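Contents: one structure, followed by commentary.
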Amino acid sequence: MRPAPSSAGAALRSWTQHALPTSQSSSAAARLATSSVASQTTVVQQRRHQSSPSQAASTSSFDSPFRSNKVDSNKIPSFKAYRAKSPEVSNRVFQYFMVGSMGLLTAAGAKATVQDFLVNMSASADVLAQAKVEVDLAAIPEGKNVIIKWRGKPVFIRHRTDDEIKSAESVNVSSLRDPQADGDRVKKPEWLIMIGVCTHLGCVPIGEAGDFGGWFCPCHGSHYDVSGRIRKGPAPLNLEIPEYDFPTDESLVIG
Ligand code: FES
1 MRPAPSSAGA
11 ALRSWTQHAL
21 PTSQSSSAAA
31 RLATSSVASQ
41 TTVVQQRRHQ
51 SSPSQAASTS
61 SFDSPFRSNK
71 VDSNKIPSFK
81 AYRAKSPEVS
91 NRVFQYFMVG
101 SMGLLTAAGA
111 KATVQDFLVN
121 MSASADVLAQ
131 AKVEVDLAAI
141 PEGKNVIIKW
151 RGKPVFIRHR
161 TDDEIKSAES
171 VNVSSLRDPQ
181 ADGDRVKKPE
191 WLIMIGVCTH
201 LGCVPIGEAG
211 DFGGWFCPCH
221 GSHYDVSGRI
231 RKGPAPLNLE
241 IPEYDFPTDE
251 SLVIG
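For what it's worth, UniProt numbering labels the leading residue of the sequence shown as 1, then goes sequentially.
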C-alpha cells in the first residue's frame, strides 16, 4: 500500500474539524421550533391579559347558582302543575279504595302464610291415628294383664280381682313414697290402666311379680303394688296413669 501525500492529510484534517451538516441543520430546526412555540405562548398570554372580566363573562355559557345573591332558599316551590285537575273528594275516594284494597290483599296473604305454616307443623294423619287406641275389654279376663302399645309406649291394662281391689284400697296412703289413694288412680276399680315405664330409669316392669303382687322392675329392683304405686326400690314415683275413658262398658279408649 502506498503512503498518502502530505497535502491529502492536511485536507482530511480540515474536513474532520467541520461539524456534520446534518446535525447542524437539525439543531437549527429545533431552535426554530422552540422559539416559534414560545412566541405563540406569549401571544396567547398577552391576549388573556388584554381581555377584560366583562368580556369573559359575556362569552361564558355556564351560569353558576352561587354567583347571584337573589336566590331565596326558603322559598317553597309551586307544585300547581303537578296537582290533579279532578276535585279533591274524588281523589280521596280513590285513595281510600286503594288503601282498603291493599290492606285486604295483605291480610289475605298473611292469613294464607300463617295457615300454611300451621298446617305444615301440625301432626300428620298417621300420627293422629295413633293418638287414640281403642281396646275391647271383653277380651281381657279377670285377673289378667294385657300390654298394648300407645304412642310408642307400653300400656298395662289389668283386670283386677276383688281381692286385689281390697288390698289396694286398704293401704295406708301416708306411708307411701308417692302418696296416692287407689281411688284416685282408677275410674273403675276393676280396671287399672297405667303406662308401663318404670319411673326410675325407664325400664318396663314385669307384671304379677315383686313383693307386693303388682309389678317388679328387674333393672334396679323397684316393686310396685296392685295399684301401680312404688313400694320398694329406687323408683321415686308411682307408675303414670294416661288419659283414658270408657265409651261403653265393654270398651276402653286411651288418649
Ligand atoms: S329402671 Fe326400674 S328400677 Fe331402675
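Using N, Cα and C, we set each Cβ at its ideal position, and we do this for glycine too.
What you are looking at is a predicted structure, and each value in this text was computed from that prediction instead of being measured.
At a cut-off of 8 Å, the beta-carbon of Ala181 does not count as near the ligand FES: no heavy atom of the ligand is closer than that. Closer than 8 Å to some heavy atom of the ligand FES: that does not describe the Cβ of Ala209.
By the C-beta criterion, the region 226-238 is judged to be in contact with the region 191-206, since at least 3 inter-stretch pairs fall below 8 Å. Around the CB of Leu118, fewer than 16 other CB atoms lie within 10 Å, so the residue is classed as exposed. Residue burial is scored here from C-beta neighbours: Ala112 has fewer than 16 other C-beta atoms within 10 angstroms and is therefore classed as exposed. With a 10 Å radius around the Cβ and a threshold of 16 neighbouring Cβ atoms, Arg177 comes out exposed. Residue environment: Ser86 is assigned as exposed (fewer than 16 neighbouring CB atoms within 10 Å of its CB, all protein chains considered). Beta-bridge analysis with DSSP links Glu134 to Val253. The three-state reading of DSSP puts Phe117 in helix, counting H, G and I together.
By a beta-carbon distance limit of 8 Å, Ala168 does not contact Ser222. Their separation comes to about 17 Å.
A distance below 7 Å between beta-carbons, with the five flanking residues on each side excluded, links Tyr244 to the following residues of its chain, in chain order: Ile193, Leu252, Val253, Ile254. Contact between Ala84 and Asn74 does not hold, since their C-beta atoms are separated by about 27 Å, which reaches or exceeds 8 Å.
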